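The numbers in this note's numbering rise by one with no breaks, and the one at position 133 of the sequence shown is 133.
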Amino acid sequence: LFYNASHCKLIIDVIDVNDNKPVIEIKSASANVAEDSKPGTMIALINIYDLDTGSSGRVTCAIPDNLPFKLVSEVKNYYMLVTDGLLDRELQPDYNITVTATDAGSPSLSSVKVMSIVITDVNDNAPTFTEREYNANILENKPVGTFVMKVNAEDADDGSNAKIHYQIANSEVSSFLTINSDTGELFTLRLFDYEQSVHFQIKVTARDEGGPPLSTTCTINVFIKDQNDNSPVVLYPVQSTGFIAEDMVPVEAPRGYLS
Ligand SMILES: *[C@@H]1O[C@H](CO)[C@@H](O)[C@H](O)[C@H]1NC(C)=O
Numbered sequence: 001l002f003y004n005a006s007h008c009k010l011i012i013d014v015i016d017v018n019d020n021k022p023v024i025e026i027k028s029a030s031a032n033v034a035e036d037s038k039p040g041t042m043i044a045l046i047n048i049y050d051l052d053t054g055s056s057g058r059v060t061c062a063i064p065d066n067l068p069f070k071l072v073s074e075v076k077n078y079y080m081l082v083t084d085g086l087l088d089r090e091l092q093p094d095y096n097i098t099v100t101a102t103d104a105g106s107p108s109l110s111s112v113k114v115m116s117i118v119i120t121d122v123n124d125n126a127p128t129f130t131e132r133e134y135n136a137n138i139l140e141n142k143p144v145g146t147f148v149m150k151v152n153a154e155d156a157d158d159g160s161n162a163k164i165h166y167q168i169a170n171s172e173v174s175s176f177l178t179i180n181s182d183t184g185e186l187f188t189l190r191l192f193d194y195e196q197s198v199h200f201q202i203k204v205t206a207r208d209e210g211g212p213p214l215s216t217t218c219t220i221n222v223f224i225k226d227q228n229d230n231s232p233v234v235l236y237p238v239q240s241t242g243f244i245a246e247d248m249v250p251v252e253a254p255r256g257y258l259s
């Protein structure tokens, strides 16, 4: 039994079919950008490639166009994600950007990757009081340390940029009231006498901890309220029984009218 062996060379041309999806590589899957960043600030570098050859390996990359970001490519297959418009953390604190890479094969294949962008806070909002002007009443003769009222300011920023401290701004009344710098609660520092003063104004500043800090000042109109602490003085007729009388005196009353 003989075997007749022979050799032949077989050359096979493998024709590429578009069987590889594009690959998206993002150096970091999330990135931070400050809300005051200028347009054109780079956020991330994206590398795309495709293992296919020819048109099946030619890839383009895109993001939705309704975002304050865009892709810029200066080197083939590399895209920079940059800011393209104004950012405002108080309006939108984060974005999830869908990056799509599509090859030019037929049919074409595409891949998507979602990138999250966190907008970091800048101290761009001053504290605002719930009212520009407040009214408060203090009953005369109340002991030192009596609660008067509480002012409240809000700050739209984040973290220490939104942390508020209160202080009295007009020093001429700083011996009248004291304020809790954290809570905005005002307390008396002395007794008040309606017969000496019925009204004074106090200004309170709310300042945040941003660098530099921002502040706002409000006005409080404080009214001293009478307590019935003075017995009426009876002018005429002179009473010896403790009976209290009232009398009207005309403006043009001549001297000695009541006597
Ligand atoms: C982005 O995705 C995260 C996680 O899924 C989600 O918590 C967040 O609300 C999303 N942000 C926006 C603006 O869609």
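Cβ atoms here follow ideal geometry from the backbone N, Cα and C, with glycine treated the same way.
A quick note: this is a predicted structure, and the numbers were derived from the prediction, not measured.
Check	Outcome
Check: D158 C-beta below 7 Å from any heavy atom of ligand 2	Absence of ligand 2 is noted for the structure shown, with ligand 1 being the only ligands found.
I15 (DSSP reduced to helix, strand or coil)	coil
Heavy atom of ligand 1 within 7 Å of S266 beta-carbon	Any question about residue 266 goes unanswered here, given that the chain covers just 1 to 259.
From E74, P93, S171, I63, residue whose alpha carbon lies closest to that of E35	P93
D226: CB within 7 Å of a non-hydrogen atom of ligand 1	no
Strand pairing of V118, partner residues [DSSP]	N32, D94
Cβ-heavy atom distance, D94 to ligand 1, below 7 Å	yes
Distance cut-off 7 Å: S116 Cβ against heavy atoms of ligand 1	yes
Where V173 sits in the DSSP three-state scheme	helix
Close Cβ partners of N152 (< 8 Å) along its chain, the five nearest in sequence each way excluded	F129, T130, G184
Buried/exposed call for V33, threshold 16 Cβ in 10 Å	buried
Counterpart residues of A101 in DSSP-defined beta bridges	C61, S111
Among V198, E195, I179, the one whose alpha carbon lies nearest that of L189	I179
Reduced DSSP secondary structure (H/G/I, E/B, other) of S197	coil
Contacting residues, own chain, Cβ-Cβ under 8 Å from T53 (five flanking each side not counted)	D16
Helix, strand or coil at A136 according to DSSP, with G and I counted as helix	strand
Extent of the continuous beta strand (DSSP E) to which C218 belongs	215 to 225
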